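Heads up, the sequence shown is in my numbering, so the first residue is 621 and it goes up one at a time. Note that CB positions come from ideal geometry on N, CA and C, so glycine has one too. Predicted, not measured: the structure shown is a model, and the values here were computed from it. Below is one structure, written out as structure tokens, with a few remarks after it.
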Amino acid sequence: MNAHSNEVGVPVFVRIRPTANFAPDLIECLPDGQTLKIYPRKDCRKRHDSRKGQLSSWSFALAGVLQDVSQEEFYARVCRRVVLGALDGYNGTVMCFGQTGSGKTYTMTGSTESYKQRGVIPRAIQEVFEELEKRTDHAFSVHLSYLEIYNETLVDLLSSLPGSPHVTPRGLAVMEEPGRGVFIRGLSLLPVHNEEEALNLLFEGEMNRIIGSHSLNRISSRSHCIFTVHIESRSRTLSDAKYVTSKLNLVDLAGSERLGKTGSEGQMLKEAVYINKSLTFLEQAILALADRRRDHIPFRQTKLTHALKDSLGGNCNTVLVANIYGEAAQIDETLSTLRFASRMKCVRTDTIVNVHIDPAAQIKKLEKDVRWLKEELSIYNTLGSRTSISYDRLSEAQLAEIHNQVERYLEGSLKEISIINIRQVQAVFAQFKLAVQEQEQKVKEKDQCAKAAASKEWDTRGHTEDVEAGSGGASAHSPKNNVCTNSTKAKTKAKSREKPSQSKKNEEESPAQRKRVESASKSKTNSVQTPEREPEPQEPDTEGQDTQEPQPLGSEHFHSDSPPPKVDAFEDFKIGPGSDINRILKENKSVLLERRSILLQLTEEVNAVKREIDCTTAALQQHENRGGQGQYMVLEGDPVLQEPDASLLMQLRNQKSLYRQRYEVLCDIKAEVSYCQHLVDSCRVRLLSEFENWYKKSFLMAEEELDIAMEKTPTQSLEQLDLDSTSSDPFYNARYRALKRIQKLTVCQAVN
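Shown next as structure tokens:
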């Protein structure tokens, strides 16, 4: 875990919704940008001042008060730190709270029709994938999930997409596991590889959300939504088994509302009751977290608090955005929201990096270390004339030989036991222990036999005395003889009572002793299961379409009645608007081919050195066989190292050193080839993506783009699309697909 961790409070920001009826006499933003004052209503000010103990105003010190700020400025001040922290392995949460109609959904999602008005979630997605392109020393994997909590029911907003898991009959459920934390069982967790794929999932989930209309908001969210980005990072440069994970939760809470103002009835009334209930329990959980004396936190009261257990304090960079309505009619709800925000400030967080260890990679690393240590020991033993030493497990024949030597040593026929490795030491001590236990067992059996014989002799003697006393005539009736006879009978009865107890004790002890002897005679064996070696992925073919140089693009191709074929248009695009990207693609291909040739040459060199190592090893083995070495145990001295064996050994050592050097260079070249391949693929995808956008804007604007406008943007100018910014392409491509899906669903519903 990360040693650099400090406990801090949850930062709280207030965002005021722009309105034409802003009440400056009731809401005052101080010049420091972090303090907000709320005054009572004009008609109630005198009544409040006349009462003793009543406050004339409320002052709230916050991390920031944002009024009339753009979406870009809001994201930079509030969310960028949390998003970048998630890429470093810290959990993060951005949560919007406030009354209905105060701008929470606009803050989190923004307008899906305008690139500049997009909210926190699209900007966070863009930031994540831009950073992934920069951090080439790590391999990242990104997965997304989109959860909705509607009337205390968990709903998967991405379940309609292909590849989503089949929901169990019990549906979704909030679960907890040690080491994993809180997760939703059955929730879709879909992998994404670029910004456009992530935005497609976001817009798909937005279409499935439940919204409603009432007096305060035309498109009011009737549920809580949690959009989660799961990030996993593994180092490309380090070969350890550690990897880092993090979760970025972007939470859009449903707005609290007063039924008297909204006039909700029927189903909307039921929804409002569930929303207010869950927000009330959320506030109770916040109060319990802020109180250091509380041991129990009521997270399980609602699905919302249970799902946000990892986000409300603890190991998470949590940020609360309090959205307020700056009108006089909403001053009571504004004051309630600010009070909740001030309680959230008291919650403490202590964030650490989520570091995990991959068991399979750890096993491979340990096996590699053991293999290197064995090779080092083999070289050391060979240089020290101890070539017969083996570090493998002892066979049955070797264990039998050790047992024979220990018996001969205990009998005195063998003066010393030859030991050459640690496994023999353990086996010899095990045999000594077994011999001691056998001797103890024999001694106990002799003692038991002696006691049984003495008891039997005593019983026989007492019986004989009784017989003699019974036939003694008149002398048997004397008082003295009666006393002796009675005492003898008492002793005989006592002995007869002791015999069953002793035999019973012996029967109880002998099975345990036999069990200890049997367990001591068995040798313990430990086995490590080695996972199957994963096949190395084949390098993809980087040779794409051969770029030819046709005639320059003429002006007659634009806006013609029938658009040209894509093949011809693509050739024109490569020498026209896409010439820069095509040139970069060619340069990257040439560099990739050069690196591949170097890689092929190095691979041949490494294989050649490996063959030399194999030949030298075989020569050493033949020399050892001819010299009569390789015995398991030598009793009268070790074999003497021959001169040719030493020269071969030094040659083998130099070859192994050369092999390691060449192999390290080979690994570096492989990494360069992989990076060059990534650049070529990125350039190819960029070229094709820009060609598609250029082709649509140049030839298909009149036929397709106008059909999908859906009566919302008939007067939208081309300047609003921000065509010069390449970063907006994924946003508009995802928006285009979302509109296509909406149009298709509308047609299907009309047909049905």
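The C-alpha of I647 lies about 14 angstroms from the C-alpha of R959. Secondary structure note for V698: it is in no beta strand (DSSP E), with a DSSP letter that is neither H nor E. When the five nearest sequence neighbours on each side are left out, the beta carbons in the same chain lying within less than 6 angstroms of the beta carbon of L682 are those of V632, V634, Q654, in order along the chain.
According to DSSP, residue pairing for S679 in a beta bridge involves K657. In terms of Cβ geometry, S841 and D860 do not form a close pair [threshold 8 angstroms]. One alpha carbon belongs to S1309, the other to K929, and they sit about 41 angstroms apart.
Within a 10 Å sphere around the beta-carbon of T900 sit fewer than 16 other beta-carbons, which makes this residue exposed. For P651, the closest C-alpha among the options G730, L686, P638, L1030 is that of L686.
Cβ neighbours of A981 within its own chain (closer than 7 angstroms, five residues either side excluded): A861. Under the three-pair Cβ rule at 8 angstroms, the segment 795–803 counts as touching the segment 926–944. D970 and Q1057 have their C-alpha atoms some 57 angstroms from each other. In the DSSP assignment, K897 falls outside any beta strand (DSSP E) and within the unbroken alpha helix (DSSP H) covering 887–910. Secondary structure within the segment 745–803: the beta strand (DSSP E) runs of 3 or more consecutive residues, fully enclosed, are 758–770, 773–776, 793–797 (chain order). Residues E816 of the same chain have their beta carbon placed closer than 7 angstroms to that of N1353, with the five preceding and five following residues left out of the count. In the structure shown, the three-state DSSP call for C649 is strand. Boundaries for K965: no alpha helix (DSSP H) harbours it, and the DSSP string shows neither H nor E there. Counting other Cβ atoms within 10 Å of its Cβ, S876 reaches 16 or more and is therefore classed as buried. Looking at the backbone, the Cα of L809 and that of K1364 are separated by about 25 angstroms. Cα atoms of I1218 and E1225: separation of roughly 11 angstroms, rounded to the nearest angstrom. Judged by DSSP in its simplified three-state form, V973 adopts coil rather than helix or strand. Inclusion of A874 and H844 in the CB contact set at 8 angstroms is warranted, their separation being smaller than that value. For G721, the three-state secondary structure derived from DSSP is coil. Around Q719, the same chain offers G875, S876, E877, Y945, Q950, E953, T957 as residues with beta carbons nearer than 7 angstroms, after the five sequence neighbours per side are excluded.
Distance from the CA atom of Q921 to the CA atom of L889, rounded to whole angstroms, is 21 angstroms.
Taking 8 angstroms as the upper bound for CB-CB distance, V941 and T727 are in contact here, some 6 angstroms apart. When L1269, C716, E1031, L993 are compared, the shortest CA-CA separation from L870 is found for C716.
Counted as a single uninterrupted DSSP element, the beta strand (DSSP E) harbouring K862 occupies residues 862–872. Counting along the chain, the unbroken beta strand (DSSP E) around H850 starts and ends at 844–855. Here the C-alpha atom of T938 lies approximately 22 angstroms from the C-alpha atom of H976. Measuring C-alpha to C-alpha distances from S677 to each of I658, A1228, F1049 identifies I658 as the nearest.
A Cβ-Cβ contact shorter than 8 angstroms links V748 with V762. Around the C-beta of A696, fewer than 16 other C-beta atoms lie within 10 Å, and the residue is accordingly described as exposed.
The beta carbon of V1026 is closer than 6 angstroms to those of Q1051 in its chain, skipping five residues each way along the sequence. Boundaries of the beta strand (DSSP E) harbouring T938: 937–945, taken from the DSSP string. Under DSSP, no beta-bridge partner is assigned to M1270. Just measuring C-alpha positions, the residue of Y863, I1233, L907, L767 sitting nearest L821 is L767.
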